[in-house]
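Residue numbers (my numbering): 3 to 149.
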């Protein structure tokens, strides 16, 4: 975790810690997550963060608990964004899916000696519904399974 992210986390915590009480309430956590990641977390997600990272389940998250929760979310967010960008590199036509021909043409460029049958078998394995298209969800599942 770099110093810039630590400063951002501290700043967001301080901004939403109303009356400088030393912890964020459920509502404050919701606002802080929205501020950092651009989406409104569900009540279930907020409660899960408090349950997992909170030292006092009644009050919310102290700065250390908030930092730990946010660090995990930064990692997840970053990984998902990398997967999305990788898919977009493959999906140059922006159709929302990949065909075998697209995938094979990419492998010809980056691994010209790779056996075509190997690419075909991998494609069929990833294509979850067998429609000849690898959707973003198929691609994401494959990438997360490979880690």
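Backbone N, C-alpha and C define an ideal beta-carbon position, used for all residues, glycine too.
In three-state terms, what does DSSP make of residue i?
i: residue 67; result: helix
i: residue 116; result: coil
i: residue 17; result: helix
i: residue 41; result: coil
i: residue 82; result: helix
i: residue 8; result: helix
i: residue 50; result: helix
i: residue 143; result: helix
If we call anything under 8 Å between Cβ atoms a contact, is residue i one with residue j?
i: residue 38; j: residue 14; result: yes
i: residue 76; j: residue 21; result: no
i: residue 30; j: residue 12; result: no
i: residue 55; j: residue 71; result: yes
i: residue 68; j: residue 26; result: yes
i: residue 121; j: residue 136; result: no
i: residue 52; j: residue 87; result: no
i: residue 1; j: residue 85; result: Here the chain covers residues 3 to 149 and nothing more, so residue 1 does not appear.
i: residue 89; j: residue 138; result: yes
i: residue 132; j: residue 102; result: no
What does residue i pair with, by DSSP beta-bridge criteria?
i: residue 56; result: The partner list for residue 56 (beta bridge, DSSP) is empty, contrary to what the question assumes.
i: residue 137; result: 99
i: residue 25; result: 64
Evaluate the contact criterion for the stretch 64-73 versus the stretch 124-138: three or more CB pairs, one atom per stretch, below 8 Å. no
Any contact between the stretch 27-44 and the stretch 87-102? By contact I mean 3 or more CB pairs, one from each, below 8 Å. no
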